[in-house]
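Enquirer: My structure is below; once you've seen it, I'll send some questions.
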Amino acid sequence: MLFGLCFICLSVLPLLGKSSSSSTDFAFPQDCGLRKIRNSRVGRVKRIVGGSQSFQGKWPWQAALFFHGSHYCGGAIISDTWIVTAAHCFNPRTSKNPADWTVVLGDHHHVKRDDRFEQRRNVVSIIVHENYKSMYFEGIEDIPPVNDITIMKLNRPVTFNHYVQPVCLPRPSDVFAPNEECYVAGWGHTEWNGAQPDILREAKVRIISREVCNQEKSYDGKIHGTAMCAGYPEGGRDACEYDSGGPLVCVKCGRHYVAGLVSWGYQCALPNKYGVYANMTVLTPWVKDKISRFERDSASKTPQKM
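Residues -21 to -1, 1 to 285, numbered by mature numbering (1 follows the signal peptide of the UniProt record, and there is no 0), are exactly what the sequence shown covers, in order.
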């Protein structure tokens, strides 16, 4: 059985950059989801509820999104010019104007800027899912967001190295099973309404089935197809405020895949109130289609050299 699993993993690697859609022809990186740095002498310092301080280069696909110079959301590197993040990061308190945003790759310590590791890029386009519906309140009921995803085009390519790498996008057929252990990282609050750390932190969480997440004691039927849950019944480990848009990554055959994007939840790390993520197995086709259309349109507008 183990041999069969490895064969399946090896056989799909050439397909990482392709899609079954005929409209998708953008070449996503096949050398994705690979961590170049294996270990560090940095100690594991307790930070978030059940989480720990990370070390430089451990999550090289992690992007930091700054609005008017202040950290606001996370994101994931999916190519040398594209970032995926959450749609709810672009709300009435911020904007969809690319000029208002800066993306930092290879970031670890927000205060200690280090150009040996960091790459800063401006944004030239922000594409929010056309069927995105933000969270709103109807009486005493909160209606969760739908299609909580956005892609951002950078003004110039990043350079892939030990500290900046693309994460793999899952295919619609990929399964992230209940109880599978995955990781979420970010610079968000260490507790609800708490402090926002300067250093990137991480937490290990488990995939929670939609059935369990939709139980009355949890989210009472509010988890739909474009969302997924992760955490623990007892609480204790979760993403929090300002982690929004950051990737939930799971390891398959030695590669890291973005299974979800931090979307919402009831406060942070409470028992039976799991973290809710945009479901990337469902939303990846949209990502690939929009990027390919954008790149084709851009190419058609570029004057040809004589």
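Using N, Cα and C, we set each Cβ at its ideal position, and we do this for glycine too.
Could you spell out where the alpha helix (DSSP H) holding M259 opens and where it closes?
Expert: Within the sequence shown, residue 259 is the residue found at index 280, counting from 1. Note, M259: alpha helix (DSSP H), 259 to 280.
Enquirer: Is there contact between the segment 227 to 244 and the segment 5 to 14, where contact requires at least three CB pairs shorter than 8 Å?
Expert: Contact between the segment 227 to 244 and the segment 5 to 14 is present, because at least three Cβ pairs lie under 8 Å.
Enquirer: Please state whether DSSP places A248 in a helix, a strand or coil.
Expert: By 1-based counting over the sequence shown, the position of residue 248 is 269. Three-state DSSP puts A248 in coil, outside helix and strand.
Enquirer: If you measure between the beta carbons of Q41 and L179, is that distance less than 8 Å?
Expert: To locate residue 41, count along the sequence shown from 1; it is residue 62. To locate residue 179, count along the sequence shown from 1; it is residue 200. Yes, the Cβ-Cβ distance between Q41 and L179 is below 8 Å.
Enquirer: Is P145 helix, strand or coil when you go by DSSP?
Expert: To locate residue 145, count along the sequence shown from 1; it is residue 166. Coil, per DSSP.
Enquirer: Since R14 is in the alpha helix (DSSP H), which residue starts that stretch and which ends it?
Expert: Translated into positions along the sequence shown, residue 14 becomes position 35. No alpha helix (DSSP H) holds R14; DSSP gives it neither H nor E.
Enquirer: Give me, in chain order, the residues of the same chain whose beta-carbon lies closer than 6 Å to that of S197; leave out the 5 immediate sequence neighbours on both sides.
Expert: Reading the sequence shown from its first residue, position 218 is the one you call residue 197. Only N251 meet the Cβ criterion.
Enquirer: Secondary structure at P226, three-state DSSP: helix, strand or coil?
Expert: Indexing the sequence shown from 1 puts residue 226 at position 247. DSSP places P226 in strand when its eight states are reduced to three.
Enquirer: Pick out whichever of T81, N126, C247 has its Cα sitting closest to the Cα of A218.
Expert: Translated into the one-based positions of the sequence shown, residue 218 becomes position 239. Answer by Cα proximity: C247.
Enquirer: Less than 8 Å between the C-beta atoms of V83 and I130, yes or no?
Expert: Stepping through the sequence shown from its first residue, residue 83 is reached at position 104. Stepping through the sequence shown from its first residue, residue 130 is reached at position 151. No.
Enquirer: With 16 as the cutoff for other CB atoms within 10 Å, does Q98 come out buried or exposed?
Expert: For the purposes of this step, residue 98 is taken as residue 119 along the sequence shown, with counting starting at 1. Buried.
Enquirer: Taking only the alpha-carbon atoms, compute the straight-line gap between G200 and A55 and give it to the nearest angstrom.
Expert: For the purposes of this step, residue 200 is taken as the residue at position 221 of the sequence shown. For the purposes of this step, residue 55 is taken as the residue at position 76 of the sequence shown. The alpha-carbon atoms of G200 and A55 are separated by roughly 28 Å.
Enquirer: Assuming Y256 and V241 make a contact with CB atoms under 8 Å, what is their CB distance in whole Å?
Expert: By one-based count along the sequence shown, residue 256 stands at place 277. By one-based count along the sequence shown, residue 241 stands at place 262. That belief holds up - the Cβ atoms of Y256 and V241 are roughly 6 Å apart, short of 8 Å.
Enquirer: Alpha carbons only, please: which of V154, C68, I202 is nearest the one belonging to T260?
Expert: Translated into the one-based positions of the sequence shown, residue 260 becomes position 281. When V154, C68, I202 are compared, the shortest CA-CA separation from T260 is found for V154.
Enquirer: Leaving aside the five residues before and after T73 along the sequence, list all residues of the same chain whose C-beta is less than 6 Å from its C-beta, in chain order.
Expert: Here residue 73 refers to the residue found at position 94 when the sequence shown is read from its first residue. So the list reads F46, once near-sequence residues are dropped.
Enquirer: Smallest Cα separation from F96: which of H87, A66, D268?
Expert: Sequence index remark: in the sequence shown, residue 96 carries index 117 (1-based). It is H87 whose Cα lies nearest to the Cα of F96.
Enquirer: Suppose contacts are defined by Cβ-Cβ distances below 8 Å. Is N140 in contact with A206 by that definition?
Expert: Looking up residue 140 in the sequence shown gives position 161. Looking up residue 206 in the sequence shown gives position 227. Not in contact: N140 and A206 (Cβ atoms no closer than 8 Å).
Enquirer: Excluding the 5 residues flanking residue 292 on each side, which residues of the same chain have their C-beta closer than 7 Å to its C-beta?
Expert: Because the chain in this structure spans residues -21 to 285, residue 292 falls outside the shown range and cannot be described.
Enquirer: Going straight from the alpha carbon of A278 to that of I57, what length do you get?
Expert: Locating residue 278 in the sequence shown gives position 299, where the first residue counts as 1. Locating residue 57 in the sequence shown gives position 78, where the first residue counts as 1. Those two C-alpha atoms are separated by around 20 Å.
Enquirer: State yes or no: is the C-beta of G265 within less than 8 Å of the C-beta of P123?
Expert: Start at 1 with the first residue of the sequence shown, and residue 265 comes out as number 286. Start at 1 with the first residue of the sequence shown, and residue 123 comes out as number 144. Before going further, note that residue 265 is Trp rather than Gly in the sequence given. Against a cut-off of 8 Å, the Cβ pair of P123 and W265 comes out as no contact.
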